[in-house]
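Shown next, in structure tokens, is the structure this report addresses.
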Amino acid sequence: MGSLVRDETLVHEAKIVWLVEEEEISKMPWVRESEVDFCSRKGVSKERLSELQQEGQRLLGSAELKDGAPPTFTEGNHEYFNRRIFTIREKDFEVYKVNHPLEAVEPLSVEPKLKGLPPSKKSQIAVRVPPSLFSKLKRYVQQTGISQTDVIVSALAKHLDSVEGVPMIQRILELEKRVDALESKS
Numbered sequence: 002m003g004s005l006v007r008d009e010t011l012v013h014e015a016k017i018v019w020l021v022e023e024e025e026i027s028k029m030p031w032v033r034e035s036e037v038d039f040c041s042r043k044g045v046s047k048e049r050l051s052e053l054q055q056e057g058q059r060l061l062g063s064a065e066l067k068d069g070a071p072p073t074f075t076e077g078n079h080e081y082f083n084r085r086i087f088t089i090r091e092k093d094f095e096v097y098k099v100n101h102p103l104e105a106v107e108p109l110s111v112e113p114k115l116k117g118l119p120p121s122k123k124s125q126i127a128v129r130v131p132p133s134l135f136s137k138l139k140r141y142v143q144q145t146g147i148s149q150t151d152v153i154v155s156a157l158a159k160h161l162d163s164v165e166g167v168p169m170i171q172r173i174l175e176l177e178k179r180v181d182a183l184e185s186k187s
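Residues in the sequence shown are numbered from 2 upward in steps of one, following the numbering used here.
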């Protein structure tokens with residue numbers, strides 16, 4: 002599966018503008034990524050919003066182009082610019098409980114000039130770890146029952162100041178430690 006957006010549509014992107022809160026976007030497993038022709042490099046007209054709503058789509062965000070980006074095509078005296086939009090349909094998450102539509106991408110993977118990643122792909126890395134650190138990791142996993150992946154993701158999220166990346170079980174354990182510390186002080 003993959004994006005239906007053409008590479009040439011991405012070339013002049015300056016930024017992605019989300020019309021909903023980041024918290025709402027981060028809870029969505031995927032959004033629909035497509036390209037649409039606009040009469041401007043930035044913003045979304047009321048007419049375009051109305052068209053999308055009539056088609057049963059909710060506009061979540063769109064790409065804005067750099068100042069001076071050339072039009073994709075001209076019709077009469079009007080210039081048109083192909084830009085990406087990110088939408089969902091009213092019952093998308095009910096209809097697609099197990100899978101997702103072809104144009105679906107992970108919303109948090111969306112960046113200017115880059116197609117969004119398909120939701121089924123989870124990013125992976127391979128890391129060489131010193132034996133002493135690996136032993137500590139194994140001991141910690143045995144003591145807590147948390148998977149190695151969750152421990153590593155949690156450590157990486159903390160290091161990069163990305164609290165939302167910390168697995169829930171890890172957050173609960175940390176809260177339990179804090180409560181124990183507070184109770185022992187009393």
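Built from N, CA and C at the ideal position, the CB exists for glycine as well.
Predicted model only: the values in this text are computed from it and were never measured.
Worksheet item: Just checking my contact of L66 with H13 at CB under 8 Å: how many whole Å lie between their CB atoms?
Response: On the sequence shown, residue 66 is found 65 positions in, with the first residue counted as 1. On the sequence shown, residue 13 is found 12 positions in, with the first residue counted as 1. Correct: roughly 5 Å between the Cβ atoms.
Fill in: Buried versus exposed call for G69 [16 or more other C-beta atoms within 10 Å across all chains shown]
As a first step, residue 69 is located in the sequence shown; it is residue number 68 there, counting from the start. Counting Cβ neighbours within 10 Å, G69 comes out exposed, since fewer than 16 surround it.
Item to complete: Between the Cα of G77 and those of L109, K98, C40, spot the shortest distance and give me the residue it belongs to.
Response: Taking the first residue of the sequence shown as 1, we reach residue 77 at position 76. Selected option, being the one with the closest Cα: C40.
Worksheet item: Can you tell me where the beta strand (DSSP E) with K92 in it begins and where it stops?
Response: For this step, residue 92 is matched to residue 91 along the sequence shown. K92 -> no beta strand (DSSP E), and no H or E assigned at all.
Practice prompt. Please classify H160: does DSSP put it in a helix, a strand, or coil?
Written response: Counting from one through the sequence shown, the residue named residue 160 turns up at place 159. Residue state, collapsed to three classes: helix.
Worksheet item: What is the DSSP secondary structure of S35, reduced to helix, strand or coil?
Response: Within the sequence shown, the letter at position 34 stands for residue 35. Correct three-state label for S35: strand.
Worksheet entry | H79 to L61 span [Cα, whole Å] | Numbered from 1 along the sequence shown, position 78 holds the residue referred to as residue 79. Numbered from 1 along the sequence shown, position 60 holds the residue referred to as residue 61. Between H79 and L61, the C-alpha separation is close to 26 Å.
Discussion item. With a threshold of 8 Å, are at least 3 pairs of Cβ atoms found where one atom belongs to the segment 26-39 and the other to the segment 101-114?
Written reply: A contact exists between the segment 26-39 and the segment 101-114.
Fill in: I26: first and last residue of the uninterrupted alpha helix (DSSP H) it sits in
Numbered from 1 along the sequence shown, position 25 holds the residue referred to as residue 26. In this chain, the alpha helix (DSSP H) harbouring I26 covers 23-28.
Fill in: Any 3 or more C-beta pairs closer than 8 Å across the segment 141-148 and the segment 112-120
Segments in contact, no.
Discussion item. Helix, strand or coil for E104? Go by DSSP, reduced to three states.
Written reply: To locate residue 104, count along the sequence shown from 1; it is residue 103. Coil, per DSSP.
Worksheet entry | Candidates Q171, E56, E36: closest to K92 by CA position | Position 91 of the sequence shown, counted from the start, is the residue given in the question as residue 92. When only C-alpha atoms are compared, the closest one is E56.
Item to complete: For E9, count neighbouring Cβ atoms within 10 angstroms of its own Cβ and tell me buried if that reaches 16, exposed if not.
Response: Along the sequence shown, one-based indexing puts residue 9 at 8. Counting Cβ neighbours within 10 Å, E9 comes out exposed, since fewer than 16 surround it.
Worksheet entry | Endpoints, alpha helix (DSSP H) assigned at Q125 | As a first step, residue 125 must be located in the sequence shown, where it is residue number 124. DSSP places Q125 in no alpha helix (DSSP H); its state is neither H nor E.
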